[in-house]
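Undergrad: Here the sequence shown is numbered in UniProt numbering, starting from 1 and rising by one per residue. Just so you know, even glycine gets a beta-carbon here, dropped at the ideal spot from N, CA and C.
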Amino acid sequence: MPILQFSLFVLYSGLNRILRVSDFSFIGVVLKKGAQAIQSCNTSIKEARTVGLFAVEKTEDLYMVQSALKQWANGGCLYFPRSRVLATISELGVLTAGEPSNLTELDTRPIWRHTRPMLPHAKSGFHSLAIRADCRAIQVGVGDSCTALSVRCGIRGSDFLKFNSMTNLCSTLMPKQWVCCSEGTLPDKRPKPQPDGTCATHTVVVGDGCFAIADNYGITVDDIDKLNRGTWGWSGCNRLQPGQVICLSKGNTPMPAEIAGVDCGPQKPGTRKPSGEFDGWDLAKLNPCPLNACCSGWGFCGITAEFCTEFPADTGAPGSFKHGTNGCISNCGTEIVGNKTPGGSFARVGYFQAYNFNRDCLYLDARKIEENFKDLTHVHFAFAGLTEDFNINIGDNIREQFDLFNSMKAPFKKILSVGGWAESTEPGTYSRYRQAVSPKNRYKFAQNVVKFLDSHNLDGIDFDWEYPGATDQGIPASNPYDAENYYRFLTQLRVLLGTAPGSRSLSIAIPASYWYLKLFPVRAISVVVDYFIYMTYDLHGQWVLDYGNKFANPGCPNGNCLRSHINRTETYSALAMITKAGVVPEKVFVGVSSYGRSFRMSDPSCTGPQCTFTGAYGHSEAEPGQCTGTGGYIANAELQKILEYTDKGEKGFEAKKWYDAETDSDIMTCYGTRGQGMTDWVAYMDDNTKAKRISWIQGLNMGGISDWALDLGDWFTGIKENGTIGWTVEPGNLDCDPNAWPKTLEDLDANIGKVPIPCRGMALMDILTKELEGAVDKYREISSSDDYKQRFEWYADWVKDSIEPRLMKFTALKTGEGLKYMDCKWSTPYAKGEGPCTEVNLYDPDHADPGGRTVEYTVRDEEGFYNALLKDAGISKEWIEWTTITEPDYCPTCPPKNEFCPPKPCADNYVKYVNVPSRILDKSKIKVEDPKELIDKAIPHIDDVLDLAYITSYELNMGILDADITDVITSLSMPVFMLQDASKSIEEIKKIGKEHHDTKKKELILNILSIVFSIIPFVGFAGQAAGIATRFATAALIIGEIGNAALSVVDIVDNPAAAPFAILGLLIGVEGVQVKGAREAFKKAANVRRALKADGLKSFSQEFVRKDSLVQGLLKKCFK
1 MPILQFSLFV LYSGLNRILR VSDFSFIGVV LKKGAQAIQS CNTSIKEART VGLFAVEKTE
61 DLYMVQSALK QWANGGCLYF PRSRVLATIS ELGVLTAGEP SNLTELDTRP IWRHTRPMLP
121 HAKSGFHSLA IRADCRAIQV GVGDSCTALS VRCGIRGSDF LKFNSMTNLC STLMPKQWVC
181 CSEGTLPDKR PKPQPDGTCA THTVVVGDGC FAIADNYGIT VDDIDKLNRG TWGWSGCNRL
241 QPGQVICLSK GNTPMPAEIA GVDCGPQKPG TRKPSGEFDG WDLAKLNPCP LNACCSGWGF
301 CGITAEFCTE FPADTGAPGS FKHGTNGCIS NCGTEIVGNK TPGGSFARVG YFQAYNFNRD
361 CLYLDARKIE ENFKDLTHVH FAFAGLTEDF NINIGDNIRE QFDLFNSMKA PFKKILSVGG
421 WAESTEPGTY SRYRQAVSPK NRYKFAQNVV KFLDSHNLDG IDFDWEYPGA TDQGIPASNP
481 YDAENYYRFL TQLRVLLGTA PGSRSLSIAI PASYWYLKLF PVRAISVVVD YFIYMTYDLH
541 GQWVLDYGNK FANPGCPNGN CLRSHINRTE TYSALAMITK AGVVPEKVFV GVSSYGRSFR
601 MSDPSCTGPQ CTFTGAYGHS EAEPGQCTGT GGYIANAELQ KILEYTDKGE KGFEAKKWYD
661 AETDSDIMTC YGTRGQGMTD WVAYMDDNTK AKRISWIQGL NMGGISDWAL DLGDWFTGIK
721 ENGTIGWTVE PGNLDCDPNA WPKTLEDLDA NIGKVPIPCR GMALMDILTK ELEGAVDKYR
781 EISSSDDYKQ RFEWYADWVK DSIEPRLMKF TALKTGEGLK YMDCKWSTPY AKGEGPCTEV
841 NLYDPDHADP GGRTVEYTVR DEEGFYNALL KDAGISKEWI EWTTITEPDY CPTCPPKNEF
901 CPPKPCADNY VKYVNVPSRI LDKSKIKVED PKELIDKAIP HIDDVLDLAY ITSYELNMGI
961 LDADITDVIT SLSMPVFMLQ DASKSIEEIK KIGKEHHDTK KKELILNILS IVFSIIPFVG
1021 FAGQAAGIAT RFATAALIIG EIGNAALSVV DIVDNPAAAP FAILGLLIGV EGVQVKGARE
1081 AFKKAANVRR ALKADGLKSF SQEFVRKDSL VQGLLKKCFK
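#1: Consult DSSP for SER275 and reduce its assignment to one of helix, strand or coil.
#2: List in chain order: all unbroken beta strand (DSSP E) runs of 3+ residues lying wholly within the stretch 357–390.
#3: Just how far apart, CA to CA, sit HIS380 and GLY704?
#4: Considering ARG919, what are the terminal residues of the beta strand (DSSP E) in which it resides?
#5: Using alpha carbons as the reference points, say which of THR769, PHE613, ASN567 and THR607 lies closest to MET685.
#6: Which same chain residues end up closer than 6 Å to ASP462 when comparing Cβ atoms and leaving out the 5 residues on each side of it in sequence?
#7: Determine the direct distance from the alpha carbon of LEU819 to that of LEU869, and round the result to whole angstroms.
#8: Hey, out of LEU575, GLY632 and GLU423, whose CA is closest to ALA512's CA?
#9: Can you tell me whether PHE792 is helix, strand or coil according to DSSP?
#10: Let's test the definition: count the other Cβ atoms within 10 Å of the Cβ of CYS606 and tell me whether it reaches 16, buried, or not, exposed.
#11: Spatial neighbours of ALA317 within its chain, please: CB distance less than 8 Å, with the 5 preceding and 5 following residues excluded, ordered by chain position.
#12: Between which two residues does the beta strand (DSSP E) containing TYR160 stretch?
#13: With a cut-off of 8 Å on the beta carbons, I'd call PRO1088 and ILE1063 a contact; round off their distance for me.
#14: Less than 6 Å between C-beta atoms, sequence neighbours within five positions excluded: which residues of the same chain meet that for SER953?
#15: Roughly how many angstroms separate the alpha carbons of ASP797 and GLU862, rounded to a whole number?
#16: Is the stretch 160–175 touching the stretch 191–207, taking contact as three or more C-beta pairs under 8 Å?
#17: For VAL1111, collect the residues of the same chain with a Cβ closer than 6 Å to its Cβ; drop the 5 residues on either side in sequence, then sort them by chain order.
#18: Can you list, in chain order, the residues of its chain with a C-beta nearer than 6 Å to that of LYS1116? Leave out the 5 residues immediately preceding and following it.
#19: Could you give the DSSP three-state label for CYS295: helix, strand or coil?
#20: Using a Cβ distance threshold of 8 Å, determine whether the stretch 709–719 contacts the stretch 635–647, with at least three qualifying pairs required.
#21: State the Cα-Cα distance for the pair ALA691 and ARG442, rounded to the nearest angstrom.
#22: Buried or exposed for ILE767, going by 16 or more other Cβ atoms inside 10 Å?
#23: Helix or strand or just coil, what does DSSP make of LEU1115?
#24: Please identify the residue among HIS378, CYS670 and ALA963 whose C-alpha is closest to the C-alpha of ALA709.
#25: To the nearest angstrom, how far is the alpha carbon of GLY52 from that of ALA133?
#26: Just list the residues that DSSP pairs residue 1158 with in beta bridges.
#27: Tell me LYS690's beta-bridge partners as DSSP assigns them.
#28: On a CA-only basis, which of PHE865, CYS328 and HIS540 is nearest ALA284? Give me that one, please.
#29: Say whether the stretch 843–858 touches the stretch 911–922, bearing in mind that this needs 3 or more beta-carbon pairs closer than 8 Å, one atom from each stretch.
#30: Could you tell me whether the stretch 693–704 touches the stretch 335–352, where touching means 3 or more Cβ pairs closer than 8 Å?
#31: Could you check where the beta strand (DSSP E) with CYS247 kicks off and where it finishes?
#32: Cβ atoms of GLY265 and CYS199: under 7 Å apart, would you say?
#33: Rounded to whole angstroms, what is the Cα-Cα separation between PRO756 and HIS565?
#34: Nearest-angstrom Cα distance between ILE303 and THR569?
#35: Count the CB pairs spanning the stretch 238–251 and the stretch 183–196 that are closer than 8 Å, and state whether there are at least three.
Structural data, given as C-alpha cells:
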C-alpha cells in the first residue's frame, strides 16, 4: 500500500471531543495505509463530538477541505462509497476503506456531491474515508506496446499488467492514452477550471480540429461541443477560427481573443474581463457602439441592415452567427423607437439664407417670408457668426436683412442661427467655436448670447457647428473633448435662458451621418435643447467622407456612385439611429430640401445607382447653377427654370426628369445653362415629393420638419422701390469686364462680392497668370544678366572661403561636432594630459600668461569622422588636409602716450594645433554646384508653364475650356507660388557687391539657395532631380545655416515623388495636358495638391502658405 505524499492536513474536532495521544497514533497508522479522510462522527447524537481529518496534496483541492469542514460543522458525516470500520475502541467503532482495486476507470466526482448523513443506527465510531491514491502514469506513444510501456515505466511486464488490469489493454492501446506505472488509480488528466473559476481554455491555431484538440486533452469531441454552448463565438467544430478561445472544462466563459481594429464587443483590444459572475451573453454588453448603434458579429459599428440583422448560428452560442452573414451582437434592429404616439404639435421650420442677396440672382427678402410661406411655425435666420471675443456677430452682408427680420411681427417664431458650414470650417473663424465652448470661456459666451437675445426681438437661438470633434474637414483636427464642451456650454445656456413655459428656445443642428453624429453626446444634449435640426438632406455628396470611401455608399467600392442625398430609406435609418441613441422623436425635426445635389456623370448614358460620377473629394464637376454658382449644389428654382426652358426649346438647354420610387426622390439628368449637353445628374424633391415626404415624417410621429432653404424653393426676385430685381437664367447674359476685376489675390479676397459669380474664376486665373508672368521675367533676367553671372561666381568662391571657418568650428575644443571621433594630447607650461578632446584644459587660473600650449589631435574613428564631416558640415574628405596651425592669443596694444596702459608682453601666448584638418590650398579642386547651370535648365520648363497658363486663361475667357476651373487654379497655384518665393531673393542679391564679402557672405549664399530650391521641381519633374537639393544644401551646411527657415523646403524638393514634381509632370510632362487633355491632366494635378494636408505644407515658406490659404479660401467663395 503506497503512502500518499500529502502536503496539507486539516484536523477538525467538535467542542465536546477530547483527543488522546493514542488517537493521534491511530490516525498516523491509518494515513500510512493511504487514507485521505478519517472521521469519528454520529449524526444521531446531539453532542458536538465529531473528529475528522482531511488531507490534500494540491492547493487547488482546498475546496474539498472546505466542503468537508462545513459538513462536519453542521453535524453531518462525510460519505464515500466503500468506506469501512477500521476498529472499535471502547465505545467507538472505527471504519476504513476496502482494499484498493486495480480498475483503471477514473472517478472524477467530487467528494462533496456524495455526502449524506450516517444512518441513525450506526455506531459512533472512528471512520476512514480512504480515497485510493493516484498511480504514476505515462502516455502511450505511436507504436507503443505493453512491453515497450513497461520498459518506459521501469517495471516488470507482470507488474505493468497488474497495475493496468483491463483484460484487452495490450490489443487496444491508443496514442496519448494514459497507463499506470505503479499501484493506484489513473490520475484525472482532463483539464481543470482555472483558479478564478474560468474554464480551462485552448486557443485555436491554423490546422486545429475538434478531434485533435479533444485527443490532446483527453476529452471527446462531444465534450467540446457541450462545454462551449455558452462560449463566445462558438459556431461548432466545423467553423473553428484561428485565434478562437474555447473551453476544455466546466467553468465560467473565457474572454475571447482580441482582434485588432474592431470597434465594439468583447474582442475590442484592451477589453477587461467583467468583474463578478458573468456568462457569454454578458460579454455582448461590453464596448457598445456610440449612439447605441448596432455592433455586427465581426465587431464593427453601423446602423444599416448589414450591421443590425441577427443571424444566430445553429449552436445558439453568444457571439455566433451563420456562415455568410455579418450577424449582430448588440443593439440590433433598424427600427425607430419611441414613436408609437405623437409627441405634440408638428413643427415646420424654414431656414432663411439672409446672405442670398450676395448671389447674382434668386433673392428672397425677409419681408416676403410670411407672404410666400403660410404654414411655417419657425424661421431660422442664417447665419450669424462669432467675434474673437465670443459675441454674436451680424455681418455687414446680412445686416440689412437682419434688421428687417428683427423688427417684423410674424406668426412664426423668429430664431437666430449661429455658425453654418463656412463659419465652422473657414481658417479664420473655425477656432472661435472651439474656444467659445472651452471651460474658461463658455459661461462668458452663454452670457453674451443671452445679452444679444435680450436686446433683440427674437424667440430663440440655434447653433449650427459643423462639427465638434471632427478630424477630416481640411482644418486642424478638432479636440475630442470639443463635443463634450459643446454640451456643457448648452447646459449653461439653458440655465440662463430658463426652462419655464415661454422661455426662449434652444436648438442645434446635427448631422444624420453616423460618422459625425457619434461625436455628439446626443442623449444628454436632448435634455437641454428644445429640438434638433436633423440634417437628413445631405446623406450623399462629393465631400471627403464619401468620396473614395467604400462604406459611405453601400455597394459602391469607391464611394462615387450616383446616389440621392435625400434617400427615404436612408432617412429612416438615420431616424432609427437617433432614436436608438436615446433622443425622443418629438425633439427631432427632420430635414427636407429645396435644392439638389448634382454630379457630373462618368457616362451620360448610365444613370442608375451603380453608375459613377467624376471629380474628386470636395470638388464636383457638375455645372454650377446660374444663381447659386456652386458645382454640386443647385436650387429647386434653378432646376425648374431649366425644365421650363427645355420645354420651350431654348437653345443650349436639355433636361429629363423622373420620379424614383425606391428613394422617394426626383431625378433630373442633363440640366444645362451653357450648352454643354446632358452631362449632369441631380437628385432633389419637387413640391409634390416634398409634400409626400413631410406627410410620411409626420406619420412617423417625429417632432417636425426643417426645410433648407426657403430662398431656394421658388424664383424670388427681391424688393426695390422701383420694382423687382434679379437675373434670368438665360445663357450668355453676363458680361465679364477684366478692367473691373481686382488685380491682386488680397484685393480679390476683400472684394469678391463685386465680381459676378461666372466671372470669378476668370478673375482669379488672370491674377495667377500675371503673377506667374512677373516671376518668369525675373528668372529670365537671372539667366541672361552679366550682373547675376558675376554674383554666381562670387557664390562659388564665397562658399569655398567658408570651409576653413567651418572646419575650425567642427573641431573646436570642447564643443566641436567632430570631437566625438577624436582623442587629444595636450600640454601647457603648467600641466599636460591626454584623453577626450572635450576635456582639454589649456588655461590655468593662477597664471595670467598661459604661454605656449600644444594640442595634438588623433582620429580614433576615421569612418565616423568623415561621415559626420560631410553630413553635418557639408565638407568632403577630398577638400581637407591634415596640418599644424598656430594661433596667437589676442594681444591688446596700448594707444600712444597712455601711461595707464603698460605694454603687455603676450606675444608668447599661443596655441599650436597639431594634426588638425584644414581646407586644401588649391580651391579649384573643390566642386561647388553651379546655380546658374540649374537655372538655365529650368527656364524652358518655366516658359512651358507660362504658356500653359496663357492658353488656359484664353480658353476660359472664351468659354471653350474643357477643364474644371477649380482644378486649373488648384494645380497651377503651387508652381506659381514656388517661383514667387524666390522673387525677394532675386532682388536682394542685386544689392550685394564684392566688397560685401565679409558682411553679406551668408546673405548672398542663402538668397541664391532660395532661388535654386524654388526651381528644382522645374528641372526634376522629368526624373532628373535625385540628389540636386542635397548637393546644394551642402553650401548651407558649410556656412552653418542648415536650420534656417528659408531652407525648410529642402525636404520637399529633394523628393522626386513630392507634390511639386508630380504636379509639373502632370501639366507639362510627357503625360501632361498636350497628351492627356486639359480635363484629365488638370484634374489629376489638382488631386495631388488636394491630397497635401496641413502637415505637408509646413515645409513651405510662410509666404507660400499664406498665398495658398488665400487661394483655397477664394475657391470656396467663388465656387462653393
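TA: Once the coordinates are examined:
#1: Shown here, SER275 sits in coil according to DSSP, grouped into three states, outside any helix or strand.
#2: 378–386
#3: 14 Å
#4: 910–919
#5: ASN567
#6: HIS380, ILE415, SER417 and SER507
#7: Going from the Cα of LEU869 to the Cα of LEU819 covers about 11 Å.
#8: LEU575
#9: helix
#10: exposed
#11: Taken in chain order, the residues that qualify are ASN228, ARG229, GLY230, THR231, TRP232, GLY233, TRP234, SER235 and GLY280.
#12: Checking the displayed sequence, the identity of residue 160 turns out to be Phe instead of Tyr. Segment 157–163 is the alpha helix (DSSP H) holding PHE160; no beta strand (DSSP E) there.
#13: Here residue 1088 turns out to be Val, not Pro, going by the sequence shown. Sure, about 5 Å apart at Cβ, within 8 Å.
#14: Answer for SER953: MET765 and THR769, listed in chain order.
#15: 28 Å
#16: no
#17: SER973
#18: none
#19: strand
#20: yes
#21: 40 Å
#22: buried
#23: The three-state reading of DSSP puts LEU1115 in helix, counting H, G and I together.
#24: HIS378
#25: 19 Å
#26: Shown here, the chain extends from 1 to 1120; a query on residue 1158 therefore has no answer.
#27: None, per the DSSP bridge assignment.
#28: CYS328
#29: yes
#30: yes
#31: Start and end: 245–247.
#32: no
#33: 29 Å
#34: 12 Å
#35: Contact holds: three or more Cβ-Cβ distances are below 8 Å.
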